[in-house]
Amino acid sequence: MLRACGGAAPAAMPALVRARLARPASSTAYAAATASSSALEELAAGRKGLARVVLKKGKTQIFRDGSPMVFSGAVDRIIGRPPPKTGDVVLVADGTEKPIGWGLYNSVSMFCVRLMQLEEEAKRDPTCALNMERLLEARILSAVDLRRSLGLPSVHTNAYRLINSEGDRLSGLIVDIFADVAVIASSAAWVEKYRQEIQFLVNKVSNVNHIKWRSSADILKEEGLDISEQKEPEPSSHSGTVKVMENDIIYLVSLEGQKTGFYADQRESRHFISTLSKGQRVLDICCYSGGFALNAAKGGASNVIGIVPYDSEVVFFYFDFCRQALT
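Quick look at the structure:
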C-alpha cells in the first residue's frame, strides 16, 4: 500500500527505507513552513549544510513553468560549504537567492539540478519538501492513480507505462509494467542512489510480483556514474521473456530487448493505426516486435509487411503471420 505525503509509513518494509520515509522535518521548521511566505526557506533552516544553486538573471521563469532540467549554463553560483555532491538535495534560487524550488544536484552532468518540487507546492504541502523518499512515494502513488483512471491495467491491456520520467515528474525514471513484471529503467544518477526505495515502492503496486532493473550505462556515464565499476548488481527476480496483452493483441516481450523490452508508450499510436488500416496495404519498417503491423492486421488491412533489420539481414513478417498472432 502506497501513501500520499503526510501518511504513515507501512510497517512491512526494510528498516533503512522505513527510517528514510519516516524522517520528518523539525517540528519548528514544519510549523513555520505552513505559515511562512517561503516554505522552503523555513524548512531549509532545519537542514544543516543544505546548498543553494542560484540561477542567472532571467532564467527562473522556465523552471517555474515546469521544466525540471536546470542546465549548468543557467547557474550563476552555488552557495554552500562544503559544495554539494552528486545526488544531494539542494535549493534552487533566483538571483536574489530566494528559493523557487528544490531538486537533486549533479556535479558532472549537463543537468546541474533535476527539479523535484517548486516553492508553491512545498507551501501547499510541506510534508514532502526536501524529502526525496516521501516525494518518491507520493509521485508513484499519483502515477498509479492516474493509470487507474485511464483503465490500466484492464482485461484488454496488461502492458503499460506506469512512470514516464518527466511526464510523471520523476526525471530519469521509467517504469513499464508487463503483466506481473515491472521493468525499471534508470537514466539518472539520483535514480541509482534511490534504487532500494524505488524497488520497494514499485513492488507495492498491485499485481507486481517481479522487478527487472535496467540501467542505461551510456547515459549514466554522462551523469558521472560508471556502473561497470560498481559491485555486481542484485540478481533480477525475473529474466527472459514475458507474455503480455495490449489492445487484445498478445506479444512475447524480451526483458533484454530494446529500451525496457517493449515500447509501452506507443500503445495509443498502435491502436490508432488499426482505425486507419481497413482494406489498406501496410508496410511497417523496423517493426521490432510488430506492434504497428499487428494492429494494422487487426484493423482489417488487406496486406501487411513488417520488416525487422537483424544482423544485417531482413526478416519479413507477412499478413498470415499477423493474422495467426491475433488468434
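Once you know that position 316 of the sequence shown is 316 in the UniProt record's numbering, the rest is easy, because the numbers rise by one and skip nothing. For glycine and all other residues, C-beta sits at the position ideal for the given N, C-alpha and C.
Looking at Ile249, Leu255, Gln258, the one whose alpha-carbon comes closest to that of Arg270 is Ile249. If you look at Leu91, you'll find it in the beta strand (DSSP E) that goes 89–93. Between Leu118 and Val89, the C-beta gap is not smaller than 8 Å, which leaves the two residues out of contact. Assignment of Met132 by DSSP, reduced to helix, strand and coil, places it in the helix class.
In chain order, Leu130 place their CB closer than 7 Å to the CB of Arg47, counting only its own chain and leaving out the 5 sequence neighbours on each side. Cβ-Cβ distances below 8 Å link Val205 to Leu2, Ile140, Val144, Leu162, Ile177, Ala182 in the same chain, with the five nearest sequence neighbours on each side left out; the list follows chain order.
The alpha-carbon of Gln258 is positioned some 11 Å away from that of Ala264.
In the structure shown, the three-state DSSP call for Ser171 is coil. Distances from the CA of Ser187 to each of Arg114, Ile62, Lys278, Pro83 were compared; the closest alpha carbon is that of Arg114. The Cβ atoms of Gly172 and Val191 sit closer than 8 Å to each other. Residue state for Gly279 is assigned as coil, using DSSP reduced to three classes. DSSP links Asn164 through a beta bridge to Ile174.
For Asp180, the closest C-alpha among the options His210, Val304, Tyr194 is that of His210. Glu268 sits away from Ala159, with the two beta carbons spaced by 8 Å or more. Separation of the CB atoms of Lys278 and Gly261 is rounded to 30 Å, and the pair is thereby denied contact status at 8 Å. Annotation: the continuous alpha helix (DSSP H) that includes Gly291 extends over 291–298.
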